[in-house]
């Protein structure tokens, strides 16, 4: 499976002025009934 680049919506700016303003995660694999996606 080729890598896919996505839009950098936060423009790599992770300085926030209050809690819960920006969340990030890395979903590399998602388990489904058919296997890993």
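Residue numbers (the working numbering): 21 to 57.
Glycine included, C-beta positions come from ideal geometry on N, C-alpha and C.
Just so you know, these numbers come straight off a predicted model, no measurement behind them.
Secondary structure at residue 52: strand, using DSSP grouped into helix, strand and coil. Taking C-alpha positions only, residue 22 is separated from residue 39 by approximately 35 Å. Between residue 42 and residue 49, the C-beta gap is not smaller than 8 Å, which leaves the two residues out of contact.
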